[in-house]
Amino acid sequence: MNYSEDTIAAISTGNVTNSGIGIIRMSGDEAIIIADKIFHSKSGKKLSDVPSHTIHYGNIVDGNEVLDEVLVMLMKNPHTYTREDVVEINCHGGMVVMNRILETCFKYGARPAEPGEFTKRAFLNGRIDLSQAEAVIDLINSKNELAMKSSINQLGGFLSGKIKSYRETILNDVAYIEAALDDPEHISLDDFSKKLLLDIQVINSGLENLIKTSDNGRILKEGINTVILGKPNAGKSSLLNVLARYERAIVTDIPGTTRDIIEEQININGILLNLIDTAGIRNTSDKVEAIGVDKARECASGADLIIYVVDSSVLLDENDKDIMDIIKDKNVIIILNKSDLVPVVDENSFKKIIDAPVISISTKTMDGVDDLEETIKELFVKGKIQINDELIITNLRQKNSLKDALKSLKLVVNSIENSMPEDFYTIDLMNAYEELGKITGESVEEDLANEIFSKFCMGK
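Numbering (the working numbering), first residue to last: 380 to 839.
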């Protein structure tokens, strides 16, 4: 993979608006040399003469012009993020001053960093592997605490460790087979297929477990696709407004007010919900309302979670039975709304029809809303998603490589069961080895790596 030895520089803090502090980062062989040209320390010492991992107070200058009063952090290779010399200039966070300092870095020898180039250098210099690099961008883009924890786990090398262990086992088995084929007089393959089968079964079990986490990974990364269903006037839009904490949807006493889907993203106890409020489901001759009902059914089919809102002051009818047919195989929470009125529907009304938690609330008085939020958290954190030290695959590229590796290893199992010659094993074993290498970046193509790093923000 091509590697540039240029010294790069970029603003590493947000550069869209003014802020209290801004950071300009430089990395490369000439980072300290360039910094010495533009930084005048109050102590009079040059950065090239001071110890690594120290901070120094002074001014950034362009010739005789003082640009800003700054703190400069010096980090010498190899103990840096990029394993190169790194200088970080902590200046005032105004747009004008940050850009002027950055331009001065360019003037004295640095070049503009490409998106993600600092992390790309960390990868190319062996500081992190590709799965850890992808965890960096996932961490930056985390929208909730659970996604953040998952990214930190992967950044810490949890996934890398497993993948490297699997690849080492595969490579050792391939090496043994090839050595035995080359020197059958001294190395025997008798009963080796039994040992190989055990190795593959262990790896396949691990790969299957990782693949199973990918749906949970999508939920962590993108949020829980949550659809609010119910009959007209059950209080669906009122519930959306309560959860969103503002008047997101129009609410009236007229049934059928909501005719199109309304979307809102909210965070409940660290879990991201992609809420979709839908038209009330009922048989209707109104063409516009009927389109809304069809959209509601369509949204429900792809939902991770259904919140079924029932007006507890009104008896269930055929429309409710229709809704329950739609949601019977889904993750469902049943909301008995309007608990401030005299109820005619209770938890027992659903027990024989659908197995789901039932919560009584009032969107008018806010009673029960906290119970709903806690139920959502328990349903996905303690039930569907387990986040402790477990690895969660949040990346589609990684998932596809895991699936392809698993497919190749299953072909090896078939070859063993059909008593095929051992040289057949090595082809599929090496395919699996290469696919797993794509996850850590040990066998990744340059174009793919460039595409991955191009998605990073500037300065990271």
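Positions of the beta carbon are idealized from the N, C-alpha and C atoms, including for glycine.
From a predicted model like this one, the values you see are computed outputs, not experimental measurements.
In the structure shown, the three-state DSSP call for MET474 is helix. Here ILE755 really is in contact with ILE647; their C-beta atoms are around 6 Å apart, less than 8 Å. For ALA559, the secondary structure class from DSSP, reduced to helix, strand or coil, is helix. Uninterrupted beta strand (DSSP E) stretches at least 3 residues long and entirely within the segment 430-468 occur at 433-441 and 444-454, given in chain order.
When the alpha-carbon of SER617 is set against those of ASN588, LEU589, THR657 and VAL581, the nearest one is in THR657. Between ILE542 and LEU788, the beta carbon gap of about 13 Å keeps them out of contact (Cβ cut-off 8 Å). As the crow flies, the alpha-carbon of LEU509 is around 16 Å from that of ILE771.
About 30 Å separates the beta carbons of VAL553 and LEU534, which is beyond the 8 Å limit, so they are not a contact pair. Distances from the CA of GLY747 to each of ILE712, ASP673, ASN797 and PHE485 were compared; the closest alpha carbon is that of ILE712.
Classified as exposed, PRO457 has fewer than 16 neighbouring CB atoms from the shown chains inside 10 Å of its CB.
Between TYR460 and PHE502, the C-beta gap is not smaller than 8 Å, which leaves the two residues out of contact. Here the alpha carbons of ALA559 and PHE571 stand approximately 10 Å from one another. Taken through DSSP and simplified to helix, strand or coil, TYR687 comes out as strand.
Linking ASP562 to ASP569 through their CA atoms gives a straight-line distance of about 14 Å.
Here PRO611 is buried: its Cβ has 16 or more other Cβ atoms, across all protein chains shown, within 10 Å. Residue state for GLY838 is assigned as coil, using DSSP reduced to three classes. Minimum Cα-Cα distance from ALA735 among the listed residues ASP725, LEU715, ASN710 and VAL724 corresponds to ASN710. Assigned with DSSP and collapsed to three states, THR392 falls in coil, not helix or strand. When DSSP states are grouped into helix, strand and coil, ILE641 belongs to the strand group. For secondary structure counted as the alpha helix (DSSP H) over 4 or more consecutive residues, the segment 687-775 holds these complete runs in sequence order: 697-706 and 748-756. Between GLY838 and ALA492, the beta carbon gap of about 7 Å places them in contact (Cβ cut-off 8 Å).
In summary, GLN511 is buried, with 16 or more beta-carbon neighbours lying within 10 Å of its beta-carbon over all protein chains present. The Cβ atoms of SER427 and ILE413 do not sit closer than 8 Å to each other. In its chain, beyond the 5 residues on either side, SER692 have a beta carbon closer than 7 Å to the beta carbon of VAL721. Using a C-beta cut-off of 8 Å, the segment 787-807 makes no contact with the segment 464-479, since fewer than three inter-stretch Cβ pairs fall below that distance. When DSSP states are grouped into helix, strand and coil, ARG490 belongs to the strand group. Note on geometry: alpha-carbon atoms of LYS786 and ASN810 lie some 10 Å from one another.
Annotation: LEU619 to ASP750 spans about 15 Å, alpha carbon to alpha carbon.
For LEU577, the enclosing alpha helix (DSSP H) has its first and last residue at 571-591.
In its own chain, leaving out the 5 sequence neighbours on each side, no residue places its CB closer than 8 Å to the CB of ASN551.
Assignment of beta-bridge partners to PHE418 by DSSP yields ILE439.
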